[in-house]
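Structure record follows, encoded as structure tokens.
Residue numbers (this note's numbering): 35 to 283.
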């Protein structure tokens with residue numbers, strides 16, 4: 035069953051089509067990668083999926099519900115979560131505090147300002163589980179800005195999982211990482227399980243080919259082609275527009 039369906043989605047800025055008539059669907063449990071040159075419209079497309087931008091035309095359906103004009107907050111509570119290309123942590127706070135704030139923000143009692151966070155034992159239990167899943171529990175008392183960049187990326191993924199999403203959108207999850215750190219991120223994404231559907235933007239083709247079951251190629255805001263990893267490797271348009279450029283780096 036399609037978990038996410040995008041129909042003829044478009045957005046323009048000053049007459050420039052950042053995303054133009056893009057249509058695709060994502061099934062439950064699928065791993066989908068979106069690739070393309072810089073300026074192809076990938077992050078803009080993510081912003082449309084999460085509600086940070088509203089489209090000029092087209093629709094976004096999640097679990098068969100039209101969410102095109104729904105707020106970011108409401109989409110989160112429906113089961114959509116996102117990580118960003120640039121880490122968005124509380125750098126002066128501990129790793130544990132970061133994850134507890136992330137979890138509390140998704141709960142009904144998030145507005146109870148005068149209740150100490152320690153009064154919610156389930157927060158700590160979930161926080162421990164999330165940090166353990168990313169091998170960060172031993173770092174829980176360290177400041178977020180003191181752990182390695184690779185560990186910060188894993189913490190951001192853990193924060194994205196705090197709302198128990200059904201759809202996880204990852205924007206360049208291996209950006210700035212070493213080959214070893216990137217391989218670790220690949221393992222983490224693979225281990226998320228089939229209950230979480232993953233759509234990711236990536237330039238790291240080791241990550242793409244190591245995780246994705248299907249790939250979309252965007253260019254100047256348009257969907258040029260889609261297919262399996264093998265199909266994209268052999269697609270003449272993909273080779274011309276993107277793959278040759280990546281292979282030269």
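The beta-carbon is built from N, C-alpha and C at its ideal position, and this holds for glycine as well.
For residue 256, the enclosing beta strand (DSSP E) covers residues 256 to 261.
For the pair residue 101 and residue 87, the CB atoms are not nearer than the 8 Å cut-off. Excluding sequence positions up to five before and after residue 160, its CB lies within less than 7 Å of the CB of 137, all in the same chain and listed in chain order.
Contact check between the stretch 63 to 77 and the stretch 230 to 246: three or more CB pairs, one atom from each, fall below 8 Å, which counts as touching. Of 184, 76, 199, the smallest CA-CA separation from residue 43 is found for 76. By the Cβ criterion, the stretch 46 to 56 is not in contact with the stretch 216 to 229, since fewer than three pairs of Cβ atoms, one from each stretch, lie closer than 8 Å. In the same chain as residue 85, and ignoring 5 residues on each side of it, the C-beta atoms closer than 7 Å to its own belong to 104, 105, 106, 109, in chain order. Residue 194 counts as buried, since no fewer than 16 other beta carbons sit within 10 angstroms of its beta carbon. Inclusion of residue 80 and residue 205 in the CB contact set at 8 Å is warranted, their separation being smaller than that value.
DSSP places residue 239 within a helical segment (H, G or I) once states are collapsed to three.
Going by C-alpha positions, residue 131 is about 41 Å away from residue 277. DSSP places residue 205 in the uninterrupted beta strand (DSSP E) bounded by 201 to 205. The C-beta distance from residue 177 to residue 165 rounds to 15 Å, too long to meet the 8 Å contact threshold. In this structure residue 170 is in contact with residue 192, their Cβ atoms being roughly 7 Å apart against a cut-off of 8 Å. Under the DSSP assignment, residue 213 falls outside any beta strand (DSSP E), being part of the alpha helix (DSSP H) whose first and last residues are 213 to 224. Shown here, residue 267 sits in a helix according to DSSP, grouped into three states. For the options 114, 265, 38, 254, the alpha carbon positioned closest to that of residue 202 is the one of 114.
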